[in-house]
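Asks: Before we start, here is the structure in question, set down as structure tokens.
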Amino acid sequence: KIDKIGNSSITIRNTSIGKSQSRKELKEIIDCKITYVCLDENGKPFPYFKDHFELQDLK
8 KIDKIGNSSI
18 TIRNTSIGKS
28 QSRKELKEII
38 DCKITYVCLD
48 ENGKPFPYFK
58 DHFELQDLK
């Protein structure tokens with residue numbers, strides 16, 4: 008799930024679920040947020056999302 012979109016970053020939330028084969032139970036293994044930042048050739052934040060997408064299209 009997309010949690011937040013910035014000019015040069017996107018934060019997603021991910022939940023992984025495992026299933027027990029013997030008991031057929033579902034169990035949450037991990038729930039985390041990951042932020043990806045677009046960098047230019049000099050290592051500076053680059054406004055990729057602002058320049059390439061309509062932000063409402065990504066939500």
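Going by our numbering, 19 is the number at position 12 of the sequence shown; the sequence numbering is gapless.
The C-beta atom is built at its ideal place from N, Cα and C for all residues, glycine as well.
Keep in mind that this is a model prediction, so the values were computed, not measured.
1. Need the endpoints of the beta strand (DSSP E) that Asp38 sits in, please.
2. Taking the C-alpha atoms as reference points, what is the distance between Glu32 and Lys26?
3. Give the straight-line distance between the Cα atoms of Asp38 and Ile12, rounded to the nearest whole angstrom.
4. Within this structure, are the beta carbons of Ile9 and Ile24 separated by less than 8 Å?
5. For the candidate residues Ser15, Ile41, Gln28, whose alpha-carbon lies nearest to that of Asn21?
6. I need the boundaries of the beta strand (DSSP E) containing Ser27, first residue and last residue.
Replies: Concretely, from the data shown:
1. Numbered from its first residue, the sequence shown carries residue 38 at position 31. Start and end: 33-44.
2. Taking the first residue of the sequence shown as position 1, residue 32 is located at position 25. Taking the first residue of the sequence shown as position 1, residue 26 is located at position 19. Note on geometry: alpha-carbon atoms of Glu32 and Lys26 lie some 6 Å from one another.
3. Numbered from 1 along the sequence shown, position 31 holds the residue referred to as residue 38. Numbered from 1 along the sequence shown, position 5 holds the residue referred to as residue 12. Each residue's CA atom was taken as its position, placing Asp38 and Ile12 some 19 Å apart.
4. By one-based count along the sequence shown, residue 9 stands at place 2. By one-based count along the sequence shown, residue 24 stands at place 17. Ile24 is positioned such that its CB atom lies no closer than 8 Å to that of Ile9.
5. Along the sequence shown, read from residue 1 onward, the residue named residue 21 stands at position 14. Answer by Cα proximity: Ile41.
6. The sequence position of residue 27 within the sequence shown is 20, counting from 1. In this chain, Ser27 is not harboured by any beta strand (DSSP E), its DSSP state being neither H nor E.
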